[in-house]
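Single-structure report; data block below.
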Amino acid sequence: MRLPLVVVAAVLGAALIVAAPAPSAAQQAAPSFAGHWSGSIQLPTGELAFDVDLAQAGDGWTGDISIPAQNARDLPLQRIVVRGDSLAFVIQGIPGDPSFQGVRATDGASVSGAFTQGGQTFPFAMRRGERPAATARQALAGFDAWVDSALAAWHVVGAGVGIIIDGEIVYARGHGLRDRSARQAATTQTLFAIGSSSKAFTVFALGTLVDQGRLAWDAPVVNYLPWFRMHDPDVTRRLSVRDLVTHRSGLPRHDLTWYNNATATREDLVRRLRYLAPNKDLRETFQYNNLMFVTAGYLVGTVMNTPWEDAIRSLVFQPLGMMGSDFSVAEMQRAPDFSLPYELRHDTIRQLPFRDIALVGPAGSINSNVDDMLKWVRMQLSDGTVDGRRVIQAATLQDMHAPHMPIGFPTQPEFGAQDYGMGWFLTSYRGHYRASHGGNIDGFSALVTLYPRDRLGIVVLTNQDGSALPEMVARHAADRVFGPPLRDWNGEALRRRAAGEAEQRQAEQRKQSVRVANTRPSRPLADYVGDYADSGYGTLRVALDSGRLVATYNGIRTPL
Numbered sequence: 004m005r006l007p008l009v010v011v012a013a014v015l016g017a018a019l020i021v022a023a024p025a026p027s028a029a030q031q032a033a034p035s036f037a038g039h040w041s042g043s044i045q046l047p048t049g050e051l052a053f054d055v056d057l058a059q060a061g062d063g064w065t066g067d068i069s070i071p072a073q074n075a076r077d078l079p080l081q082r083i084v085v086r087g088d089s090l091a092f093v094i095q096g097i098p099g100d101p102s103f104q105g106v107r108a109t110d111g112a113s114v115s116g117a118f119t120q121g122g123q124t125f126p127f128a129m130r131r132g133e134r135p136a137a138t139a140r141q142a143l144a145g146f147d148a149w150v151d152s153a154l155a156a157w158h159v160v161g162a163g164v165g166i167i168i169d170g171e172i173v174y175a176r177g178h179g180l181r182d183r184s185a186r187q188a189a190t191t192q193t194l195f196a197i198g199s200s201s202k203a204f205t206v207f208a209l210g211t212l213v214d215q216g217r218l219a220w221d222a223p224v225v226n227y228l229p230w231f232r233m234h235d236p237d238v239t240r241r242l243s244v245r246d247l248v249t250h251r252s253g254l255p256r257h258d259l260t261w262y263n264n265a266t267a268t269r270e271d272l273v274r275r276l277r278y279l280a281p282n283k284d285l286r287e288t289f290q291y292n293n294l295m296f297v298t299a300g301y302l303v304g305t306v307m308n309t310p311w312e313d314a315i316r317s318l319v320f321q322p323l324g325m326m327g328s329d330f331s332v333a334e335m336q337r338a339p340d341f342s343l344p345y346e347l348r349h350d351t352i353r354q355l356p357f358r359d360i361a362l363v364g365p366a367g368s369i370n371s372n373v374d375d376m377l378k379w380v381r382m383q384l385s386d387g388t389v390d391g392r393r394v395i396q397a398a399t400l401q402d403m404h405a406p407h408m409p410i411g412f413p414t415q416p417e418f419g420a421q422d423y424g425m426g427w428f429l430t431s432y433r434g435h436y437r438a439s440h441g442g443n444i445d446g447f448s449a450l451v452t453l454y455p456r457d458r459l460g461i462v463v464l465t466n467q468d469g470s471a472l473p474e475m476v477a478r479h480a481a482d483r484v485f486g487p488p489l490r491d492w493n494g495e496a497l498r499r500r501a502a503g504e505a506e507q508r509q510a511e512q513r514k515q516s517v518r519v520a521n522t523r524p525s526r527p528l529a530d531y532v533g534d535y536a537d538s539g540y541g542t543l544r545v546a547l548d549s550g551r552l553v554a555t556y557n558g559i560r561t562p563l
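So in my numbering the end of the sequence shown lands on 563, straight run, no missing numbers.
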C-alpha cells in the first residue's frame, strides 16, 4: 500500500500541510468556529492526532495547528475558509497539497470530514474543547493547599513552584519562607540554588556552538583542547564532546577532588583528570560524573574565549530574559530576594552555611527563581524558540532530549526504562515521555521536569538539603494534569522516610554494641602526622591536636 505523504512527513519530522480554496469576504463568518479543537486523522497505520486553535480577527480568521507526532508546534494557518457549517484551512509556508475540508455537526461541538493528500482520502474528526492551559488550571484547583501541606509534612521551610503548559503559565507561587528567623515569605522571585539542574544549561551552550559549526558532538575533546588527557591514552583519543555530558566516560565521581576546594581552578580540575583511574571502559556504564561537566563548561569557555559564566549569560540568560539568575552563592546573597539554606536532622530544622561551588559551576552552581526557570522551560517546550525567535535549532534541542546512555529499568509500573540524554534524565511517566533533572547542594533541592510531547513543564525549588519534596510535587502536579488515577506518591514517600529513620536509629545502636573497648593504635600517633599527596586529589594533612589526630582536606577539618 502506498503511504500518504503525511505519514512520510511524520517520519521526517516535517509539518503536515493543509490546503483550501481562497476565501471571499462573504465566507468570513460563523464565529462559533472560534476556539480550541482536538482531533485525529484515521490513517492505515493508526490515528494521527492534531489540535487546532481558531480565532476571528476582524473580517478574517487566524489560527494554528499542532501535530505532536511530527513535533510540529503552533504552525500558523492561512486561507481559512468558513462558510456556514463548513471549514477549511492551510498551513502557511510549507509546500504540498494536503487538505482538510469538514462540516460542523448540529451540536456545534464537532467537525468531521475528509483529509486528502497525494490522491488518497482519509476521514478525520475533531471536537471543540478547552485549551490545555484552561483544563490544567481547573485540574490544579486546590493544588496550592496541597503543596502547603506537603511542605509541612516534610518540614521544608520554603519553596517555589511553577507549572507551564502549551506555552501558558498555569501556576507560579512561592510557598513558605525564604528566611525562617525573619519570617520572610518565599516568592516567585526568590533565588534558590538549582544545583545539577544547571547541567542542562551547559549542554545548551554546547548545542548553540554546535549550531554555529564551532563544535561537533562526536568530535574528540582533544581536537579542541590539545593538552587534554585522560588516564587511558586510548580514551583520550576517543572521548567526545557528547561523552562529556552523558555520564559514560568510565570515570567514577571523584567528587572529593572539588568539594570545598578553594585553591584549584577549573583548568586545574581538567588537567588532573589524567591522574584519576577509571573503573569502567568508555561508554560501558552510566556513572554520574560532575568533573566531565566541568570539562564541558571549560570547553565552552575556551571556544568562546570567555568564562563559562559569561557564555551562559550571552547564550541563555539574555536571549531568554532570565535576568534574575546568577552563578554563585556570593552573588546570590547580594540579590534583594534570596533564600537561606536549611537542613532537617532528626526532625529539627537547622540553617546551614552557604556552600560555594563556583569551582564546578558548569555542573551545578546556577541560582534561579520560578519566574526565570519558567522562561527556560517554555523555550525547551517551544522547540528552541522565544516569542517566535529561534535561539537554538529544534533538531539540536531534540538531541538533548533523546536517549544516549541507558541507566536501568523502573521499579514502579508508572515509569518506563530510564536513560540519560544530554543534561536530562529520560523516562516515561504514565505513558508520557519525560525529561527531568534534579539538583542538590548544601541546603537546597530542585527539580525541573519536562513532558515535551504534552508541552507540560514543572519547576520545583526548595531550601532544604536533600529533600524528596520536589519529586513528590512534580508527580502530583502531573497526575492532576493528566487526570485519574491519582497515586499518593507523597504519602508513600513519607512512610518510607519514617521506616528509614527507624532503621537508621537501630543501626546506630548496633554500631555502639560492636565497638571494642580499650584498644589503641599499633604505632604512636605522632608517626601518622604528615602530608599525604596524590596527583589527582592534591594534599591531605594529618596533624596532632590535643592528643588526637585531625585530618584537613580542601579546608574540611575532621577528627580521625
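Quick reminder that beta carbons are idealized off the backbone N, C-alpha and C, glycines included.
- Contact between residue 233 and residue 276 holds, with the beta-carbon distance rounding to 6 Å and staying under 8 Å.
- Residue 244 is a Cβ neighbour of residue 222, given a cutoff of 8 Å.
- Of the residues assessed, residue 514 falls on the exposed side of the cut-off, its CB having fewer than 16 other CB atoms within 10 angstroms.
- When DSSP states are grouped into helix, strand and coil, residue 197 belongs to the coil group.
- Residue range 492-516 is occupied by the alpha helix (DSSP H) that includes residue 516.
- Rounded to whole angstroms, residue 558 and residue 262 show a C-alpha spacing of 9 Å.
- For residue 223, the three-state secondary structure derived from DSSP is strand.
- Comparing alpha carbon positions, the residue from 509, 112, 231, 476 closest to residue 149 is 476.
- In the three-state DSSP reduction, residue 185 falls in the coil class, being neither helix nor strand.
- Per DSSP, residue 533 is one residue of the beta strand (DSSP E) stretching across 533-537.
- When DSSP assignments are scanned along the segment 304-337, the uninterrupted stretches of alpha helix (DSSP H) that are 4 or more residues long and fall wholly within it turn out to be 311-315, 332-335.
- Residue 350 carries a coil assignment under DSSP once its states are collapsed to helix, strand and coil.
- Looking at the DSSP output, residue 41 sits in a beta bridge with 54, 130.
- The segment 304-321 and the segment 249-263 do not touch, with fewer than 3 CB-CB distances between them shorter than 8 Å.
- In summary, residue 507 is exposed, with fewer than 16 beta-carbon neighbours lying within 10 Å of its beta-carbon over all protein chains present.
- Residue 345 sits in a strand when the DSSP states are folded into three classes.
- Nearest Cα to residue 402 within the set 249, 494, 460, 106: 249.
- Residue pairing from DSSP places residue 467 in a beta bridge opposite 345.
- Within the segment 239-282, the runs of alpha helix (DSSP H) at least 4 residues long that lie entirely inside it are, in chain order, 244-247, 269-275.
- For residue 113, the enclosing beta strand (DSSP E) begins and ends at 113-120.
- Membership of residue 162 in the beta strand (DSSP E) is indicated by the continuous run 161-168.
- Taking C-beta separations shorter than 7 Å and ignoring five residues to either side along the sequence, the partners of residue 42 in its chain run 53, 127, 128, 129, 130, following chain order.
- For residue 152, the enclosing alpha helix (DSSP H) covers residues 146-157.
- Between residue 104 and residue 81, the C-beta gap is not smaller than 8 Å, which leaves the two residues out of contact.
- In the three-state DSSP reduction, residue 65 falls in the strand class (E or B).
- Residue state for residue 540 is assigned as coil, using DSSP reduced to three classes.
- Considering only 47, 71, 86, 55, the residue with the shortest C-alpha distance to residue 63 is 86.
- Residue 407 holds the alpha-carbon nearest to the alpha-carbon of residue 426 among 433, 407, 420.
- The segment 184-201 and the segment 438-450 touch, with no fewer than 3 CB-CB distances between them shorter than 8 Å.
- Your pair residue 191 and residue 177 checks out as a contact, with CB atoms roughly 6 Å apart and the cut at 8 Å.
- Bridge pairing for residue 443: 448 [DSSP].
- In this structure, residue 165 keeps its C-beta atom at 8 Å or more from the C-beta atom of residue 179.
- Straight across, the Cα-Cα distance linking residue 531 with residue 562 is about 13 Å.
- By the CB criterion at 8 Å, residue 168 and residue 394 fall outside the cutoff.
- Shortest Cα-Cα distance from residue 158 to any of 465, 551, 486, 545 involves 465.
- With fewer than 16 other Cβ atoms inside 10 Å of its own Cβ, residue 517 counts as exposed.
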